[in-house]
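Using full-length UniProt numbering, you'd call the opening residue of the sequence shown number 9 and step up by one each time. Reading through the structure tokens given below for one structure.
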Amino acid sequence: RAANIGVVGLAVMGANLARNLASREGNTVAVLNRSRSRTDELIAAHPEAGFVPAHSFEEFATSLARPRTAIIMVQAGAATDATIDELVRVFEPGDIIVDGGNAYFPDTIRRERAVRQTGINFVGAGISGGEEGALHGPSIMPGGSDDAWETLGPILRSIAAVAEGEPCVAHMGHDGAGHFVKMVHNGIEYADMQLIAEAYDLIRRGTGKTPAEIAEVFAEWNRGELESYLIEITAEVLRQVDAATGAPLVDVILDQAGAKGTGAWTVQTALSLGVPVSGIAEATFARSLSAHPEQRAAAANLPGPAVIPDPADHSAFIEDVRQALYASKIVAYSQGFDEIRAGAAEYDWSIDLGAVARIWRAGCIIRAQFLNRIADAYAQQPELPLLMAAPYFAEALGRGQESWRRVVIHATRTGTPAPAFSSSLAYYDGLRAERLPAALVQGQRDFFGAHTYQRVDRPGRFHTLWSGDRSETEA
Ligand code: NBP
Numbered sequence: 009r010a011a012n013i014g015v016v017g018l019a020v021m022g023a024n025l026a027r028n029l030a031s032r033e034g035n036t037v038a039v040l041n042r043s044r045s046r047t048d049e050l051i052a053a054h055p056e057a058g059f060v061p062a063h064s065f066e067e068f069a070t071s072l073a074r075p076r077t078a079i080i081m082v083q084a085g086a087a088t089d090a091t092i093d094e095l096v097r098v099f100e101p102g103d104i105i106v107d108g109g110n111a112y113f114p115d116t117i118r119r120e121r122a123v124r125q126t127g128i129n130f131v132g133a134g135i136s137g138g139e140e141g142a143l144h145g146p147s148i149m150p151g152g153s154d155d156a157w158e159t160l161g162p163i164l165r166s167i168a169a170v171a172e173g174e175p176c177v178a179h180m181g182h183d184g185a186g187h188f189v190k191m192v193h194n195g196i197e198y199a200d201m202q203l204i205a206e207a208y209d210l211i212r213r214g215t216g217k218t219p220a221e222i223a224e225v226f227a228e229w230n231r232g233e234l235e236s237y238l239i240e241i242t243a244e245v246l247r248q249v250d251a252a253t254g255a256p257l258v259d260v261i262l263d264q265a266g267a268k269g270t271g272a273w274t275v276q277t278a279l280s281l282g283v284p285v286s287g288i289a290e291a292t293f294a295r296s297l298s299a300h301p302e303q304r305a306a307a308a309n310l311p312g313p314a315v316i317p318d319p320a321d322h323s324a325f326i327e328d329v330r331q332a333l334y335a336s337k338i339v340a341y342s343q344g345f346d347e348i349r350a351g352a353a354e355y356d357w358s359i360d361l362g363a364v365a366r367i368w369r370a371g372c373i374i375r376a377q378f379l380n381r382i383a384d385a386y387a388q389q390p391e392l393p394l395l396m397a398a399p400y401f402a403e404a405l406g407r408g409q410e411s412w413r414r415v416v417i418h419a420t421r422t423g424t425p426a427p428a429f430s431s432s433l434a435y436y437d438g439l440r441a442e443r444l445p446a447a448l449v450q451g452q453r454d455f456f457g458a459h460t461y462q463r464v465d466r467p468g469r470f471h472t473l474w475s476g477d478r479s480e481t482e483a
């Protein structure tokens, strides 16, 4: 029996994706892993899946119907390169290799270019949703050629998560577009998580509520405009009691956050594109800051504010935090979509930003009702220059901004670190400003480096003879 799709790499993600594929009508799935034992275990554990096992790349290629389509689920980096080399060796022109791992998009651009020379199609596909998503329906962000998408589209649509009747998969653009969008998804995820963590911390310190009580606050928020998977799981984590000590689990977890690098990629890429993603950057830096215990110990005795005023009205304060969270979240998503827009312009991808919002509505970690509002904004105005200025978001920011300012003031006065809340507000005020001190920066640059400046009242570039008679010359 010829398989119509194959999966290489059968650790948790690959095994679950293979099971998801096998559960869909019409699919026969070939499976291959480096070490044979994992393949045998998967076959033994899931006889219902009707997998076609292969124990070599040759056998794998023979078991697949043409055009052969294989999804690689191995570690990003060298393991992915090695697996691609093997597949290129046994595949033929017209076949399709899909990398479903978390590749860095410049690697995907490089691999696509190299594989294309052989006539084989290479598709970098971002897959979000972790183990559960892979098994029950992830959000899928494929790049690659239009031809490859034609063959691959129906298969990916069959396994993707479904949001309001639509499968959460869309062709993002050529070569690295899919992995680029997945990277920004993860960056936004960092920002969203940090903002929620800051909201929790502000409420805990400001009201003295217990984690279990704050869980109820989040559960309540999850019934409104903040409704999202991340808010939902936050309530679950805060409710959890440690079996060993009886303490809230959050109090026994070491407060040092890890990271696998996708947040850093998002920020590095944004820096080179010149896109300010301050919310994502602060979230990434907040994780780094937490993970330096020696510096934290060295700073522990630095002075904080003398008087710590408590908010008088706890429920009003909590509502302020909710508004601040929503406003900061709008900024984080606006910045993330800005990065995708800039990336598309730089790499010549035609990414449909509305489609990005729609495929993130289910299956992935940042899934939320909120994404419908983003999809609506791009449906109304596909060339929207700034997401947060779209009517719905502008209105929400207008409603929340006084609360947001009170929360940032509270954080500052009480010495509660709220880097993502405050940097998002600074970004909002920066873009809003009629005049920015960038004019002074240009003056300084002209002073020490003769970098010239433009004037508000006439065209051209100008330089002041700072070390001469300080007259102005036209450059
Ligand atoms: P791993 O990233 O741990 O991948 C290991 C699997 O790849 C093993 O089954 C290993 O075989 C196999 N493999 C093959 Br085939 N060739 C290999 C080689 N040359 N070198 C090393 N390993 C090779 O698995 P994962 O956690 O399932 O993740 C797969 C991909 O999905 C990664 O890129 C990951 O970033 C991405 N991803 C993961 C998640 C998540 O929640 N875990 C979410 C989204 C994306 P072996 O059995 O012989 O070691």
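Glycine is no exception: its CB is placed at the ideal position from the N, C-alpha and C atoms.
- Relative to THR116, the option among GLY269, HIS182 and ASP259 whose CA is nearest is HIS182.
- Here the C-alpha atom of LEU379 lies approximately 16 Å from the C-alpha atom of GLU240.
- Here ASP263 is exposed. Its C-beta has fewer than 16 other C-beta atoms within 10 Å.
- In the pairwise beta carbon analysis, the stretch 155–172 is classified as not touching the stretch 195–207: fewer than three pairs are separated by under 8 Å.
- Scanning GLY184, ILE367, ARG414 and GLY14 for the CA closest to the CA of GLU174 turns up ILE367.
- GLU221 carries a helical assignment under DSSP once its states are collapsed to helix, strand and coil.
- Taking the C-beta atoms as reference points, TRP357 is found no nearer than 8 Å to MET149.
- Assigned with DSSP and collapsed to three states, LEU234 falls in coil, not helix or strand.
- With a 10 Å radius around the Cβ and a threshold of 16 neighbouring Cβ atoms, LEU444 comes out exposed.
- Short of 6 Å from the beta carbon of ALA291, and not among the five residues preceding or following it, lie these beta carbons of its own chain, in chain order: TYR198, ALA199, GLN202 and ALA428.
- In terms of CA proximity to ASN110, SER136 leads the group PHE99, SER136 and ARG119.
- When the Cα atoms are used, TYR237 and PRO425 turn out to be separated by approximately 24 Å.
- Going by DSSP, PRO150 is part of the beta strand (DSSP E) stretching over 147–150.
- For PRO399, the three-state secondary structure derived from DSSP is helix.
- Contact fails between the stretch 161–176 and the stretch 49–58, because fewer than three Cβ pairs, one in each stretch, are under 8 Å apart.
- With contacts defined by Cβ atoms closer than 8 Å, GLY151 and GLY138 do not form a contacting pair.
- Note that the stretch 65–78 touches the stretch 98–107; at least 3 beta-carbon pairs, one per stretch, sit closer than 8 Å.
- Residue state for GLY214 is assigned as helix, using DSSP reduced to three classes.
- Using a Cβ-Cβ distance cut-off of 8 Å, the stretch 245–257 and the stretch 343–355 are not in contact, since fewer than three pairs of beta carbons, one from each stretch, lie closer than that value.
- For THR277, the enclosing alpha helix (DSSP H) begins and ends at 270–281.
- In the structure shown, the three-state DSSP call for VAL60 is strand.
- For HIS322, the enclosing alpha helix (DSSP H) begins and ends at 322–355.
- Under the three-state reduction of DSSP, TYR112 is assigned to coil, being neither helix nor strand.
- The three-state secondary structure of VAL249, taken from DSSP, is strand.
- For GLU206, the distance from the CB to the nearest heavy atom of the ligand NBP is not below 7 Å.
- With a 10 Å radius around the Cβ and a threshold of 16 neighbouring Cβ atoms, SER323 comes out exposed.
- Judged by DSSP secondary structure, GLY457 falls within the alpha helix (DSSP H) whose first and last residues are 446–457.
- DSSP places ASN129 in the uninterrupted beta strand (DSSP E) bounded by 129–136.
- Within the chosen limit of 7 Å, the ligand NBP reaches the beta carbon of ARG42 through at least one heavy atom.
- For PHE99, no beta strand (DSSP E) encloses it, and the DSSP letter there is neither H nor E.
- According to the DSSP assignment, THR472 belongs to the beta strand (DSSP E) that extends over 470–472.
- Check the Cα spacing between ILE163 and each of LEU333, ILE13 and GLU354: the tightest is with ILE13.
- Contact between the stretch 311–330 and the stretch 211–230 is present: three or more C-beta pairs spanning the two stretches fall below 8 Å.
- THR218 is the residue among THR218, GLN450, ARG74 and VAL416 whose C-alpha sits nearest the C-alpha of VAL258.
- For ARG46, the shortest separation between its Cβ and any heavy atom of the ligand NBP lies below 7 Å.
- Of the candidates VAL260, SER45 and ILE338, ILE338 places its Cα closest to the Cα of ARG407.
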